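Below: one structure, written as structure tokens.
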Amino acid sequence: MSLGNLPQKSFCLIRHGETTANRDQIIAGRWDVALTETGRQQAETLRHLEWSSPLALFTSPMARAVESCRLGFPGQSFEIHPDLRERDWGVFEGRPLAQLPPREGCPERGEDWSDMIRRVAGAVTDCCLAAQTDLPVILCHSGVIRAVRLLSGQTTTGTRPDNASPVHFYWTDHGHKELSHAANLNLGNSVHPLCGL
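The numbers in our numbering rise by one with no breaks, and the one at position 139 of the sequence shown is 209.
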């Protein structure tokens, strides 16, 4: 059974700034934890980045993502998409990160991994369609980015993405390629802009 497909379009995902749960090495999941002062500073650095095209902003409804969006892109409008929320880790939320169960499968009273992948595929597709010719920039969570890596054809979910660090999924004739922000700017400046492909 298919877990979903991504649209043939480039987009950018940004994990929220550091939270109290990140700092304390706690599983947050659906807990609406706050940004730390470090997390707010991380989010504010986003406002100084250069972009190769106009942006369309989207965010998870969770407070840590919404605040990161507001701090990183002050004065800009954004849309909240409920399916960009973090995974529900069920009974494991609030426990030390070292107790995180295997990603595959379904944690007790939580969200099945395959269900989350399908949810994320739909959410990213919605954002890309709504962005039209602008670059979709999506403020979200580690779990969302890991799901997108699998949807983009990568064989693993990779390492936990850094807080407030853009992760570009650049569309090519061979599918999506994950790039850092700096690498994407270099590609955009030398070949063509990230969006509008």
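Here a beta-carbon is modelled for each residue, glycine too, at the ideal position from N, C-alpha and C.
Since the structure is predicted, the reported quantities are computational estimates derived from the model, not experimental observations.
N-terminal and C-terminal residue of the alpha helix (DSSP H) that residue i is part of
i: Pro87; result: The question names Pro, but residue 87 is Gly in the sequence shown. Per DSSP, Gly87 belongs to no alpha helix (DSSP H) and is neither H nor E.
i: Gly109; result: 107 to 115
Residue i - DSSP class collapsed to helix/strand/coil
i: Val214; result: helix
i: Leu221; result: helix
i: Leu76; result: coil
i: Leu125; result: strand
i: Leu199; result: helix
i: Cys265; result: Low per-residue confidence applies at Cys265: pLDDT is 37, beneath 50, and the placement is therefore not dependable, though the value from the model is reported in the following sentence. Correct three-state label for Cys265: coil.
i: Val103; result: coil
Host beta strand (DSSP E) of residue i (start-end)
i: Leu249; result: 245 to 250
i: Trp241; result: 236 to 242
Candidates the options, of which the one nearest residue i by Cα
i: Arg216; options: Ile187, His118, Ile208, Glu107; result: Ile187
i: Ile232; options: Thr225, Leu209, Leu220; result: At residue 232 the sequence reads Asp, which differs from the Ile that was named. Nearest C-alpha to Asp232: Leu209.
i: Leu141; options: Pro152, Leu154, Trp159, Glu107; result: Glu107
i: Val194; options: Pro172, Ser222, Thr229, Pro171; result: Ser222
i: Ala126; options: Gly99, Pro236, Ala135, Asp204; result: Asp204
i: Arg134; options: Ser123, Pro124, Arg155; result: Arg155
i: Pro172; options: Asp153, Phe81, Cys139, Gly213; result: Gly213
i: Ala98; options: Trp159, Val207, Arg110, Ser138; result: Trp159
i: Thr229; options: Leu199, Glu248, Leu105, Ala104; result: Glu248
i: Arg110; options: Glu137, Arg219, Cys198; result: Glu137
i: Trp101; options: Met132, Cys176, Val190; result: Met132
Proximity test, Cβ basis, 8 Å: residue i and chain D
i: Ser212; result: The structure shown contains no chain D, having only a single protein chain.
Item to complete: Would you list, in sequence order, the uninterrupted beta strand (DSSP E) runs of no fewer than 3 residues that lie entirely inside the stretch 127 to 190?
Response: With a minimum length of 3 residues, the continuous beta strand (DSSP E) runs that stay inside the stretch 127 to 190 are 148 to 150.
Worksheet item: Three or more beta-carbon pairs under 8 Å between the stretch 110 to 118 and the stretch 181 to 197, yes or no?
Response: Under the Cβ criterion (8 Å, minimum of three pairs), the stretch 110 to 118 does not count as touching the stretch 181 to 197.
Worksheet item: Any chance the stretch 168 to 182 sits against the stretch 117 to 131, with 3 or more Cβ pairs inside 8 Å?
Response: By the Cβ criterion, the stretch 168 to 182 is not in contact with the stretch 117 to 131, since fewer than three pairs of Cβ atoms, one from each stretch, lie closer than 8 Å.
Discussion item. Count Cβ pairs between the stretch 137 to 152 and the stretch 163 to 170 that sit closer than 8 Å; are there 3 or more?
Written reply: They do not touch, by the three-pair rule.
Discussion item. With three or more beta-carbon pairs closer than 8 Å as the criterion, would you say the stretch 78 to 88 touches the stretch 234 to 248?
Written reply: By the Cβ criterion, the stretch 78 to 88 is in contact with the stretch 234 to 248, since at least three pairs of Cβ atoms, one from each stretch, lie closer than 8 Å.
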